[in-house]
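Protein chains in written order, with this note's numbering: chain A, 1 to 182; chain B, 183 to 364. Notes follow once the structure below has been shown.
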């Protein structure tokens, strides 16, 4: 079961660079798109920048609704992720086709994906770089996590169908930060 | 020894989301800053978006010179990465302090870091989101790789001094792409 997750901790989920599944919805039809081109832009409120190509079905929906959910899958879902990337929401209901379960979100119309260990409800807050680069700035307005999942192994795209699977975690005494004086 | 690396393949290095070391230089003084807030924005020519806080010494240098190098370290350098993140270039020559070796770049004044397995020479091409978000768009103009390194294990920041170390690589038959019709 997904539980609320602190917005100030969202960067810890996305900063390592996992492949995510972006859900959008319009006129009662939901879609899913894998995405790796994203970055944190602010910790709190959490802002996320991402590129969604204007050749993708999700682009028009995101532009029109200004809402989406960023869902984070683990390695167990890798094949479904690839399937979502190789089909178009114009023709396929990917939830049905690949056995994924939509869950109602709280703050946006796009659904969460039940099988993903974390889900971030997002609203578009800046579109200035959409025209030149298809780059959207999103604010995460509500975050959810599967709290019972221990050591979720995210996947990280290396191109051409290769994925790096998250390995061990190490702790180094002092925190790294890009936020003061480097 | 670093060899030239194809610009069209650069996304394969950055898309998995590794911590990188950004080098900048002005008036003969070079600096190093760890960064995790970056994303690919275009494959070819390779464009990279990144957030560098205006509280960081590197921010002013990047803004003034419009040049930097993105260096990709592996787990063997993790402690040096953290040290670079916990000191300021205003006071410390990080190359000397942490035993890193500057190498002359071809297209920019900022140095490559010899110990990093890949280095990407970059020029700033868009600053429209610098004022609101400290977000720079960079074009990679020259790329280098340590071609003898097998299975470089990158590190991926999870916040608070925790790092995920890149694990195994898996291949799924069909390529994932965010570039057409999803």
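Using N, Cα and C, we set each Cβ at its ideal position, and we do this for glycine too.
Cα-Cα, which of the options is closest to residue i?
i	options	result
residue 76 (chain A)	A:172, A:163, A:170 and A:65	A:163
residue 94 (chain A)	A:124, A:65 and A:57	A:57
residue 145 (chain A)	A:127, A:113, A:168 and A:128	A:113
residue 319 (chain B)	B:232, B:212, B:208 and B:192	B:232
residue 53 (chain A)	A:45, A:44 and A:63	A:63
residue 166 (chain A)	A:29, A:152, A:158 and A:23	A:152
residue 143 (chain A)	A:161, A:119 and A:149	A:119
residue 21 (chain A)	A:141, A:86 and A:160	A:86
residue 212 (chain B)	B:243, B:340 and B:331	B:243
residue 1 (chain A)	A:158, A:148 and A:100	A:148
residue 205 (chain B)	B:303, B:336 and B:226	B:303
residue 210 (chain B)	B:342, B:343 and B:247	B:247
residue 343 (chain B)	B:264, B:351 and B:237	B:264
residue 207 (chain B)	B:351, B:241 and B:191	B:241
So residue i and residue j are supposed to be a Cβ contact under 8 Å. How far apart are they, rounded?
i	j	result
residue 196 (chain B)	residue 230 (chain B)	6 Å
residue 280 (chain B)	residue 298 (chain B)	Rounded, the Cβ-Cβ distance is 13 Å, inconsistent with contact.
residue 249 (chain B)	residue 305 (chain B)	6 Å
residue 156 (chain A)	residue 19 (chain A)	6 Å
residue 322 (chain B)	residue 186 (chain B)	Going by Cβ atoms, the distance from residue 322 (chain B) to residue 186 (chain B) rounds to 12 Å, so no, they are not a contact pair.
residue 310 (chain B)	residue 128 (chain A)	6 Å
residue 44 (chain A)	residue 7 (chain A)	6 Å
residue 169 (chain A)	residue 340 (chain B)	7 Å
In the structure shown, what three-state DSSP assignment does residue i receive?
i	result
residue 47 (chain A)	strand
residue 21 (chain A)	strand
residue 354 (chain B)	coil
residue 197 (chain B)	coil
residue 42 (chain A)	strand
residue 349 (chain B)	strand
residue 178 (chain A)	Since pLDDT at residue 178 (chain A) reaches only 48, below the 50 mark, its modelled position is unreliable, and the value read off the structure follows with that caveat. Residue state, collapsed to three classes: coil.
Okay, do the segment 313-320 of chain B and the segment 282-291 of chain B touch, 3+ Cβ pairs below 8 Å being the bar? Between the segment 313-320 of chain B and the segment 282-291 of chain B there are fewer than three inter-stretch CB-CB distances shorter than 8 Å, so the stretches are not counted as touching.
Could you tell me which uninterrupted beta strand (DSSP E) segments, each at least 3 residues in length, are contained entirely in the segment 235-289 of chain B, listed from first to last along the chain? List check, beta strand (DSSP E) in window: 249-254.
Three or more C-beta pairs under 8 Å: does that hold for the segment 71-90 of chain A against the segment 22-34 of chain A? At 8 Å Cβ cutoff, the stretches touch.
Counting pairs of Cβ atoms below 8 Å between the segment 266-273 of chain B and the segment 220-230 of chain B, do you hit three or more? Using a Cβ-Cβ distance cut-off of 8 Å, the segment 266-273 of chain B and the segment 220-230 of chain B are not in contact, since fewer than three pairs of beta carbons, one from each stretch, lie closer than that value.
Are three or more beta carbon pairs between the segment 288-297 of chain B and the segment 188-202 of chain B nearer than 8 Å? The answer is no - the segment 188-202 of chain B does not touch the segment 288-297 of chain B, with fewer than three Cβ pairs under 8 Å.
Which runs of the beta strand (DSSP E) at least 3 residues long sit entirely within the segment 299-344 of chain B? Give them in chain order. Complete beta strand (DSSP E) runs here, min 3: 300-308, 317-328 and 337-341.
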